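First residue of the sequence shown: 23, per the numbering used here; consecutive thereafter.
We put the CB at the ideal spot given by N, CA and C, even for glycine.
The structure presented is a predicted model; accordingly, all values stated were derived computationally and were not measured.
A short write-up of the structure that comes next.
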Amino acid sequence: IEPALAAGATHLLLDNMPPEILRGAVALVDGRVPTEASGGVSLDTIRAIAESGVTYVSVGRLTQSAPAADIGLDFATL
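Here you go:
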């Protein structure tokens, strides 16, 4: 975290960290930049992740688990 902040990071993505590790990471950031938790977010984990103090929570399952739509476009010569 410190190297990223020293390099000028304006936001930090905290990926695939359990809530107890997220809490520690958020404490290290100490409000200097916004933080985003990603990975492992589900209905079972969202409360603990949100309570870790991160600024944002992103949920990839919204798109990764969505059923695919088979959409086609056919062209015909006139």
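Give me whichever residues DSSP pairs with residue i in a beta bridge.
i   : result
T57 : L34
Just tell me which of the options has its CA closest to the CA of residue i.
i   : options            : result
T77 : A88, R45, T85      : R45
A70 : A26, E42, N38, D37 : E42
Leaving out the 5 sequence neighbours to the left and right, which residues in its chain are closer than 7 Å to residue i when beta-carbon positions are compared?
i   : result
H33 : V55, P56, E58
So, with DSSP's three-state summary, where would you put residue i?
i   : result
V79 : strand
V51 : helix
T5  : In this structure the chain extends from 23 to 100, so residue 5 is not present and cannot be described.
I93 : coil
G46 : helix
Give every residue of the same chain whose Cβ lies closer than 8 Å to the Cβ of residue i, excluding the five residues on either side of it in the sequence, and list them in chain order.
i   : result
L50 : I23, E24
Roughly how far, in whole angstroms, is the beta-carbon of residue i from the beta-carbon of residue j, given that I think they are within contact range, below 8 Å?
i   : j   : result
S87 : S60 : About 15 Å; that fails the 8 Å criterion.
Counting only the same chain and skipping the five closest in sequence on each side, list residues whose C-beta sits under 6 Å from that of residue i.
i   : result
G75 : V48
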